[in-house]
Amino acid sequence: MNLHLNNDQIDELLQATPGGKPNADENRKYLEDARRHLEGCTDCQMRMRAHEQAIDRLGSLKLNMPGVKGPMCPPEDVWVDVAAGIFRQDSNDLRTHAAQCDHCGPLLRQTKEDFAHDLTPEEERRITDLSSSTTDWQERLAVKIHDTQNLLPLVSPPKYRSPLLLRSLLAPWRLAFGGALIGLIMLGVRDYRRIAYLSAQNLEATAQIRHLEQSVLQQSTQIAQLTAESRRSSTPATASEPQTTGNVQIASLVLDPGLTRGIGELKRLAVPRGTDIAKITLRLEELPDGLLREDLVTADGETKWTQELRPSESQRKTNSLSLVLPVYILTPNDYQIVLSRQAPGGFERFATYTFRVTR
Amino acid sequence: MESYSSISIEELVRRCAASQNSELWEEFVRRFQRLIATVILRTASRLGDSSKQTVDDLIQETYLKLCADDFRILRSFEQQHTDAFIGYVKAVAANVARDHFKASYTQKRGAGHVEHLDDDFVPAASDASAGSPKSIERAVLIQEVTQHLELCVAGPDQERNREIFWLYYRAGLSARAIADLPGVGLTTKGVESIILRITKELRERMAEPKLGVRDQVRRGPEGFLPA
């Protein structure tokens with residue numbers, strides 16, 4: 001019967017380095033037998049080569065340098081916190097992202113390497129050579145920090161003024177100085193008038209700002225009304241074409257949760273000219289109980305919109321939520337909508353939606 | 360004189376924040392010197408200038424940053440675990456170095472300065488850019504590995520195990536570095552064992568399709584004959 005190496009035996013041959021010393025005589029004999037079989041068997045040689053190629057291909061997955069930054073990549077400083085083991089609410093999401101991203105994964109690796117405790121002999125030598133490694137330097141810095149600490153709580157005590165001070169103030173040269181001072185004060189009065197005029201203008205501008213704030217408030221109320229109306233409607237929109245509601249133009253989009261790996265997969269919200277409102281329907285597998293929060297975040301990590309809500313019965317039936325936004329905040333960009341639910345320590349993220357706005 | 364070399368990091372941090380003793384600060388500087396110097400030296404080497412002067416200056420800046428704002432950082436860490444403080448010191452050191460090089464690059468390039476480009480300038484696609492032969496090849500490989508990987512991970516921890524696999528092979532993190540990440544909840548040995556198990560199964564799946572059906576039939580039962 002023609003017997004061949006099985007996968008475990010191939011595995012052991014692959015793990016055994018040519019110059020390595022097997023632990024036991026029995027193991028050494030076993031490996032020698034396997035090698036001898038391999039030398040004479042073309043089938044097993046072919047299988048061995050295929051396994052070696054698979055190892056090489058897995059090894060080639062590693063990138064030495066970070067790739068191109070994507071629209072969903074967080075700011076680079078984030079990886080310093082993750083690598084340092086500093087707990088963040090979004091630690092799990094960040095880890096998942098780093099595992100799938102050719103830009104952030106290598107950045108995390110580099111930072112982790114910077115934080116590793118083991119030093120190479122070269123690093124050891126360079127650190128020993130530093131001035132900051134000398135006791136003298138460290139003592140000087142300690143004194144500097146200590147002095148800073150001493151200075152902090154010190155508040156100057158009020159100075160004691162004796163009656164003699166008043167008499168000395170009446171000396172002739174002091175009177176001359178006083179005269180000059182009065183002259184300066186007169187000039188100051190003239191400036192004061194100018195300041196009073198500018199203050200009046202300032203007041204006028206403040207009034208205008210208040211007026212504008214009221215207009216914004218009115219607009220916000222209209223948006224809130226539209227949000228409420230859209231929640232009452234149980235049928236989610238399915239197209240990204242603008243709809244007309246009375247005289248209000250609405251662009252709509254339906255999104256499913258999950259991270260988007262490529263630009264091609266991004267759903268697009270086209271906002272035609274004249275559109276006032278964007279209605280984004282978020283589909284969910286299950287709608288959690290309690291208070292929810294919707295955050296609209298740009299690719300740069302800027303939060304553009306936040307609202308807290310309790311889903312209505314109709315939303316629970318359809319397992320979907322609607323986000324109604326004024327289009328002026330949706331400038332062309334890539335966005336993420338983050339849904340969070342209330343948890344004991346604050347809000348906890350449970351779904352993420354990504355999309356792109358085009359005009 | 361009291362010796363501070365034997366007190367714990369938590370105690371040292373607590374006492375430094377509360378008392379005005381320069382000897383405590385000497386111990387603090389001495390204790391964290393190696394850690395801060397390591398992070399600064401590596402970050403500076405990677406970002407360009409790791410001269411003695413620059414590294415010493417950045418080390419000093421890190422200490423001053425830790426003491427800034429009336430020792431707020433030290434006070435906030437009084438009640439926390441040692442590892443948390445060490446992690447924070449690392450993060451402060453790395454950010455000090457990165458901010459320094461970011462600022463110096465901005466100065467060199469000139470803020471607000473726009474370089475002139477010819478109208479017919481067409482940038483060449485680099486190897487890393489989407490659409491280059493290398494990146495297409497890479498995308499195909501990732502897709503192939505993903506398909507095999509789906510068959511190799513199962514059970515309640517499949518999501519975590521899949522992440523560990525990619526962090527190891529794609530991001531290039533060591534098993535120890537993965538185990539150290541917040542939320543992984545495994546020892547280095549645990550991570551190594553997951554990687555070994557998945558790699559073995561994945562390698563077999565990647566290698567076997569290369570052998571034709573004819574070869575499989577010809578090969579017969581496995582288990583070689585000893586010499």
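If you read the protein sequences in the order shown, they are chains B and W.
Start counting the first sequence at 1; every next residue gets the next number (the numbering used here).
Start counting the second sequence at 360; every next residue gets the next number (the numbering used here).
Where a beta carbon is used, it is the ideal one built from N, C-alpha and C, also for glycine.
*Could you check which residue in B:TRP79, B:GLU294, B:ARG95 has the C-alpha nearest to that of ASN520 (chain W)?*
The count along the second sequence starts at 1 and reaches residue 520 (chain W) at position 161. That would be B:ARG95, whose Cα lies nearest to the Cα of ASN520 (chain W).
*asked:* Three or more C-beta pairs under 8 Å: does that hold for the segment 101 to 121 of chain B against the segment 544 to 552 of chain W?
replied: no
*Min CB distance GLY346 (chain B) to chain W below 8 Å*: If you number the first sequence from 1, residue 346 (chain B) lands on position 346. Answer no: the Cβ-Cβ gap between GLY346 (chain B) and chain W never drops below 8 Å.
*Please confirm if the segment 335 to 345 of chain B is in contact with the segment 289 to 301 of chain B, defined as three or more CB-CB distances below 8 Å between the two stretches.*
yes
_Short-range partners of chain B found in the segment 515 to 537 of chain W, where Cβ spacing is below 7 Å_ = GLU522, TRP525, LEU526, TYR528, ARG529, ALA530, GLY531, LEU532, ALA536
_Integer-rounded CB distance, given that LEU282 (chain B) should sit under 8 Å from SER320 (chain B)_ = As a first step, residue 320 (chain B) is located in the first sequence; it is residue number 320 there, counting from the start. As a first step, residue 282 (chain B) is located in the first sequence; it is residue number 282 there, counting from the start. With 8 Å as the limit, SER320 (chain B) and LEU282 (chain B) qualify as a contact, their Cβ atoms being about 6 Å apart.
_Which of helix, strand or coil DSSP assigns to GLY446 (chain W)_ = Translated into the one-based positions of the second sequence, residue 446 (chain W) becomes position 87. Helix at GLY446 (chain W).
*asked:* Please identify, using Cβ separations under 9 Å, the residues of the segment 69 to 87 of chain B that lie next to chain W, in order along the chain.
replied: GLU76, ASP77, VAL80, ASP81, VAL82, ALA83, ALA84, GLY85, ILE86, PHE87
*Mapping DSSP to helix, strand and coil, what is ALA270 (chain B)?*
As a position in the first sequence, residue 270 (chain B) is number 270, starting the count at 1. DSSP places ALA270 (chain B) in strand when its eight states are reduced to three.
*asked:* Using the three-state DSSP reduction, which class does SER367 (chain W) fall into: helix, strand or coil?
replied: Within the second sequence, the letter at position 8 stands for residue 367 (chain W). Coil at SER367 (chain W), not helix or strand.
*If you follow the beta strand (DSSP E) that SER552 (chain W) is part of, which residue opens it and which one closes it?*
For the purposes of this step, residue 552 (chain W) is taken as residue 193 along the second sequence, with counting starting at 1. Careful: SER552 (chain W) lies outside any beta strand (DSSP E), inside the alpha helix (DSSP H) at 547 to 566.
_Bounding residues of the beta strand (DSSP E) (the contiguous stretch that carries ARG334 (chain B))_ = Indexing the first sequence from 1 puts residue 334 (chain B) at position 334. For the sequence presented, residue 334 (chain B) should be read as Asp rather than Arg. Residues 333 to 343.
*May I ask you to verify whether the segment 381 to 397 of chain W touches the segment 106 to 113 of chain B, counting CB pairs closer than 8 Å and requiring at least 3?*
no
*Can you say whether HIS37 (chain B) is buried or exposed, counting buried as having 16 or more other CB atoms within 10 angstroms of its CB?*
Start at 1 with the first residue of the first sequence, and residue 37 (chain B) comes out as number 37. Its Cβ being crowded by 16 or more others within 10 Å, HIS37 (chain B) is buried.
*Alpha carbon of ILE195 (chain B) to alpha carbon of ASN202 (chain B), nearest angstrom*: Sequence index remark: in the first sequence, residue 195 (chain B) carries index 195 (1-based). Sequence index remark: in the first sequence, residue 202 (chain B) carries index 202 (1-based). Computed Cα separation, rounded: 10 Å.
*asked:* I want to verify the contact list: residues of chain B whose CB lies under 7 Å from the CB of CYS511 (chain W), in sequence order.
replied: Indexing the second sequence from 1 puts residue 511 (chain W) at position 152. Those within 7 Å of CYS511 (chain W) in chain B number zero; the least Cβ separation is about 12 Å.
*Quick one: what's got a C-beta closer than 7 Å to GLN45 (chain B)'s C-beta in the same chain, skipping five residues either side?*
What you label residue 45 (chain B) is simply residue 45 of the first sequence in a count that begins at 1. These residues qualify, in order along the chain: LEU38.
_Through-space distance from ALA566 (chain W) to SER60 (chain B), alpha-carbon basis_ = As a first step, residue 60 (chain B) is located in the first sequence; it is residue number 60 there, counting from the start. As a first step, residue 566 (chain W) is located in the second sequence; it is residue number 207 there, counting from the start. The straight-line gap from Cα to Cα measures roughly 16 Å.
*So, helix, strand or coil for PHE87 (chain B), using DSSP?*
The sequence position of residue 87 (chain B) within the first sequence is 87, counting from 1. Coil.
*May I ask which residues mark the beginning and end of the alpha helix (DSSP H) holding GLY59 (chain B)?*
Along the first sequence, read from residue 1 onward, the residue named residue 59 (chain B) stands at position 59. Where GLY59 (chain B) is concerned, the enclosing alpha helix (DSSP H) stretches over 42 to 59.
*Compare the beta carbon distance of LEU383 (chain W) and ILE399 (chain W) with 8 Å and say whether it is the shorter of the two.*
Within the second sequence, the letter at position 24 stands for residue 383 (chain W). Within the second sequence, the letter at position 40 stands for residue 399 (chain W). No. Outside cutoff.
*Could you name the residues that DSSP lists as bridge partners for ILE277 (chain B)?*
As a first step, residue 277 (chain B) must be located in the first sequence, where it is residue number 277. Per DSSP, B:ILE250, B:PRO326.
_With 16 other Cβ atoms within 10 Å as the buried cut-off, status of PHE87 (chain B)_ = Counting from 1 along the first sequence, the entry for residue 87 (chain B) is found at position 87. Exposed, by the Cβ-count rule.
*Candidates W:PHE387, W:THR397, W:ASN380, of which the one nearest ILE366 (chain W) by Cα*: For the purposes of this step, residue 366 (chain W) is taken as the residue at position 7 of the second sequence. With distances taken between Cα atoms, ILE366 (chain W) lies closest to W:PHE387.
*Of all the options W:LEU406, W:GLN379, W:THR558, which has the alpha carbon lying nearest to the alpha carbon of ALA142 (chain B)?*
To locate residue 142 (chain B), count along the first sequence from 1; it is residue 142. When only C-alpha atoms are compared, the closest one is W:GLN379.
*asked:* Restricting to Cα atoms, I'd like to know which of W:VAL550, W:ALA456, W:SER494, W:TYR422 is closest to HIS146 (chain B).
replied: Counting from 1 along the first sequence, the entry for residue 146 (chain B) is found at position 146. With distances taken between Cα atoms, HIS146 (chain B) lies closest to W:TYR422.
*Spatial neighbours of ASP81 (chain B) within its chain, please: CB distance less than 8 Å, with the 5 preceding and 5 following residues excluded, ordered by chain position.*
Here residue 81 (chain B) refers to the residue found at position 81 of the first sequence. If we look at ASP81 (chain B) and ignore the five residues flanking it on each side, its Cβ neighbours are ARG88.
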